[in-house]
Amino acid sequence: MRVGPRRPSERKIRVAAGIIRKGGLVAFPTETVYGLGANALDAEAVNKIYEAKGRPLDNPLIVHIAREDELKSLAREIPAEAEVLIEKFWPGPLTLVLRKREVVPKATTAGLGTVAVRMPSNKIALALISASGVPIAAPSANISEKPSPTKAEHVLRDLNGKIHAIIDGGAATVGVESTVLNLTAPVPTVLRPGGVTFEELQGVLGEVKLHPAVDAEVEAEGKILSPGMKYRHYAPEAELILVEGCSDAVIKRVQELADELRGSGKKVGIMASKESAAEYEADVIEVVGSRGDLTGVARNLFGTLRKLDEEGADVIIAEGFETRDLGLVIVNRLRKAASRREQISGFEANEKE
Ligand code: TXA
Ligand code: MG
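Residue 338 in my numbering sits at position 338 of the sequence shown; the count goes up by one each step and never skips.
As structure tokens, this is what we get:
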């Protein structure tokens, strides 16, 4: 169903809400990525989400609400920090992890005693939740491990035939998922960086931690809190190599790798910033955005990975970004998607010696 993002058609929303109420699955747009929705309070409906996505059963879902007061019916306690954050960032890309109430079934939280809740800002999402009359559990609407969908056509490619409806509301504006913030820890802790940046949270909370598992390298040591952290994520079909570091050295190394891989018969795609794209020679080169516009890079990130797949790249070489603001989110997604990472920096190399 095509639905105008500004003034969603009530009739179409009613049809989609009817499917949710009957225990079906509806993919719908949010400002971050497309979600695959089901009635969050209906364990049977929620189980269909795991099945359609091929999602591991121990990875809990985010529950989406349309009004602040719905939070009380899902969460046992709403700490003072939550109130401040809600005031500042809802509706929007911030998910709060709180102690759950009994009504939230185990299927939704993968057996955890906590529930992750967010209020999206996308008008279609809000209309759908309101019309359904129930909170909607929704992970990203992709096959597990694939790049998240930022357009309805991405959902269709992954889930056609496995779900009941897709609402096409155009391209997602943020392009990366919400920030998942644990408010049940002694200090608020970011479990997944996302659309509300770490710096923004610091500005409001003062003290906030980044969970060590956010860095893929620490993850290997098995410190897991958000179960989603331990799985491979966001990965295109092609092998992804991520090259991080200071820009001139990175450009040189990316081209070196491209030449090597092309020499061994691989079709090589490069995901480049606007600033360096002209420096490269490869089979396909896609510009993900400008280094000066991380918002634009975030918006294009998953779509660009999917595009390079469609263009038939065997290997994708991606440049890293600075790890501040949305750059931290972009790099987090790339690190998790990459099967190989290199850190190129003259300075660090010297330090190690
Ligand atoms: O932007 C988003 O958050 C999108 C849109 C559709 O809202 N949804 C999304 O859902 O990204 P998903 O399932 O792809 O990611 C949910 C993340 C996972 O990393 C999961 O482990 C974590 O949230 N999570 C969910 N419930 C949790 C809980 N109770 N405790 C800790 N982490 C939780
Ligand atoms: Mg996901």
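Virtual Cβ for every residue (Gly too), placed ideally from N, Cα, C.
Nearest-angstrom beta carbon gap, VAL33 and THR150 [assumed within contact, 8 Å]: If you number the sequence shown from 1, residue 150 lands on position 150. If you number the sequence shown from 1, residue 33 lands on position 33. Rounded, the Cβ-Cβ distance is 6 Å, consistent with contact.
Own chain, CB closer than 7 Å to SER148, minus 5 neighbours either side, in chain order: In the sequence shown, residue 148 corresponds to position 148, counting from 1. These residues qualify, in order along the chain: VAL33, SER140, ASN142, GLU177, TYR234, PHE302.
Supposed contact pair THR30 and PRO120 - C-beta distance, whole angstroms, cut 8 Å: On the sequence shown, residue 120 is found 120 positions in, with the first residue counted as 1. On the sequence shown, residue 30 is found 30 positions in, with the first residue counted as 1. Indeed, because the Cβ distance is near 4 Å, the residues count as touching under 8 Å.
GLU81 beta carbon near ligand 1 (any heavy atom closer than 7 Å): By 1-based counting over the sequence shown, the position of residue 81 is 81. Incorrect: GLU81 has no Cβ contact closer than 7 Å to ligand 1.
The region 292-308 / the region 199-206 touching (three or more Cβ pairs under 8 Å): no
Same chain only: Cβ atoms within 6 Å of THR95, ignoring 5 sequence neighbours per side: Taking the sequence shown and counting its residues from 1, the one referred to as residue 95 is at position 95. Sequence-distant Cβ neighbours of THR95 in its own chain, meaning closer than 6 Å and more than five residues away, are ILE62, ALA116, ARG118, SER178, VAL180.
Per DSSP, the bridge partner or partners of GLU319: By one-based count along the sequence shown, residue 319 stands at place 319. DSSP, once it has assigned bridges, lists VAL243 as partnering GLU319.
ASP58 classed as buried or exposed, judged by whether at least 16 other C-beta atoms fall within 10 angstroms: Counted from its first residue, the sequence shown places residue 58 at position 58. Counting other Cβ atoms within 10 Å of its Cβ, ASP58 stays below 16 and is therefore classed as exposed.
C-alpha distance - THR108 paired with ALA165, whole-angstrom precision: The count along the sequence shown starts at 1 and reaches residue 108 at position 108. The count along the sequence shown starts at 1 and reaches residue 165 at position 165. Those two C-alpha atoms are separated by around 20 Å.
Residues of its chain near LEU156, where Cβ-Cβ distance is below 8 Å and the 5 sequence neighbours each way are ignored: Looking up residue 156 in the sequence shown gives position 156. If we look at LEU156 and ignore the five residues flanking it on each side, its Cβ neighbours are ILE166.
Segments of 4+ residues assigned as alpha helix (DSSP H) that fall wholly inside the region 64-138: 71-74, 80-89, 106-109, 123-132
Neighbouring residues (CB closer than 6 Å to any heavy atom of ligand 2): PRO139, SER140, SER148
Backbone secondary structure at ARG2 - three-state DSSP: Taking the first residue of the sequence shown as 1, we reach residue 2 at position 2. Three-state DSSP puts ARG2 in a strand.
Cross-strand partners of THR189 (DSSP beta bridge): By one-based count along the sequence shown, residue 189 stands at place 189. ASN182, LYS209.
Contact test: HIS211 Cβ vs ligand 1 heavy atom, cutoff 7 Å: Taking the sequence shown and counting its residues from 1, the one referred to as residue 211 is at position 211. No.
Contact under 8 Å by Cβ, ARG76 with LYS100: Here residue 76 refers to the residue found at position 76 of the sequence shown. Here residue 100 refers to the residue found at position 100 of the sequence shown. In contact: ARG76 and LYS100 (Cβ atoms closer than 8 Å).
Nearest-angstrom Cα separation, counted from ALA313 out to VAL268: Position 268 of the sequence shown, counted from the first residue, corresponds to residue 268. Position 313 of the sequence shown, counted from the first residue, corresponds to residue 313. Note on geometry: alpha-carbon atoms of VAL268 and ALA313 lie some 5 Å from one another.
beta-carbon SER290 near ligand 1 non-hydrogen atom, thresh 7 Å: Taking the sequence shown and counting its residues from 1, the one referred to as residue 290 is at position 290. Incorrect: SER290 has no Cβ contact closer than 7 Å to ligand 1.
DSSP state of ARG262 mapped onto helix, strand, coil: The residue you call residue 262 lines up with position 262 of the sequence shown. Three-state result, ARG262: helix.
Under 8 Å between C-beta atoms of SER273 and GLY296: If you number the sequence shown from 1, residue 273 lands on position 273. If you number the sequence shown from 1, residue 296 lands on position 296. Not a contact, by the Cβ cut-off of 8 Å.
Counterpart residues of PHE28 in DSSP-defined beta bridges: On the sequence shown, residue 28 is found 28 positions in, with the first residue counted as 1. Answer by DSSP bridge pairing, in chain order: GLY35.
Proximity test, VAL104 beta-carbon vs ligand 4 heavy atom, cut-off 7 Å: Among the ligands in the structure shown, ligand 4 does not appear; only ligand 1 and ligand 2 can be found there.
Any non-hydrogen atom of ligand 1 closer than 7 Å to VAL115 Cβ: For the purposes of this step, residue 115 is identified with residue 115 of the sequence shown, where counting begins at 1. Flag set: Cβ of VAL115 near ligand 1.
Continuous beta strand (DSSP E) stretch holding ARG335: start and end: As a first step, residue 335 is located in the sequence shown; it is residue number 335 there, counting from the start. Careful: ARG335 lies outside any beta strand (DSSP E), inside the alpha helix (DSSP H) at 326-337.
Alpha carbon of GLU83 to alpha carbon of LEU205, nearest angstrom: By 1-based counting over the sequence shown, the position of residue 83 is 83. By 1-based counting over the sequence shown, the position of residue 205 is 205. Cα to Cα, the separation comes out at about 11 Å.
ILE224, DSSP secondary structure in three states: Mapped onto the sequence shown, residue 224 falls at position 224. Note that ILE224 scores a pLDDT of 43, beneath 50, so its modelled location is shaky; the value from the coordinates is reported in the next line. Three-state result, ILE224: coil.
Proximity of VAL214 and ARG192 at Cβ, strictly below 8 Å: Looking up residue 214 in the sequence shown gives position 214. Looking up residue 192 in the sequence shown gives position 192. Taking 8 Å as the Cβ cut-off, VAL214 and ARG192 qualify as a contacting pair.
GLY176 - containing beta strand (DSSP E), residue span: Position 176 of the sequence shown holds residue 176. Here residue 176 is Val; the residue named in the question, Gly, does not match the sequence. Here VAL176 belongs to no beta strand (DSSP E), and DSSP marks it neither H nor E.
Candidates GLY245, ALA277, ASP283, GLU244, of which the one nearest GLU260 by Cα: If you number the sequence shown from 1, residue 260 lands on position 260. It is ASP283.
Rounded distance between the beta-carbons of VAL97 and ASN39, thought under 8 Å: Numbered from 1 along the sequence shown, position 39 holds the residue referred to as residue 39. Numbered from 1 along the sequence shown, position 97 holds the residue referred to as residue 97. Actually they do not touch by this definition, with Cβ atoms about 21 Å apart.
Close beta carbons around ASN122, own chain, < 6 Å, minus the five adjacent residues each side: Here residue 122 refers to the residue found at position 122 of the sequence shown. Around ASN122: PRO29, THR30, GLU31.
The region 303-312 in contact with the region 245-263 per 3-pair CB rule at 8 Å: no
Span separating the alpha-carbon of ARG55 from that of ILE49: Locating residue 55 in the sequence shown gives position 55, counting from the first residue. Locating residue 49 in the sequence shown gives position 49, counting from the first residue. Their backbone Cα atoms lie some 8 Å apart in a straight line.
Nearest residue (CA-CA) to ALA278, options VAL254, SER264, GLY263, GLY265: If you number the sequence shown from 1, residue 278 lands on position 278. Nearest of VAL254, SER264, GLY263, GLY265 to ALA278, Cα basis: VAL254.
The beta strand (DSSP E) enclosing GLU286, as first and last residue numbers: The count along the sequence shown starts at 1 and reaches residue 286 at position 286. Where GLU286 is concerned, the enclosing beta strand (DSSP E) stretches over 284-289.
SER178: CB within 7 Å of a non-hydrogen atom of ligand 1: One-based indexing of the sequence shown puts residue 178 at position 178. Result yes, Cβ under 7 Å from ligand 1.
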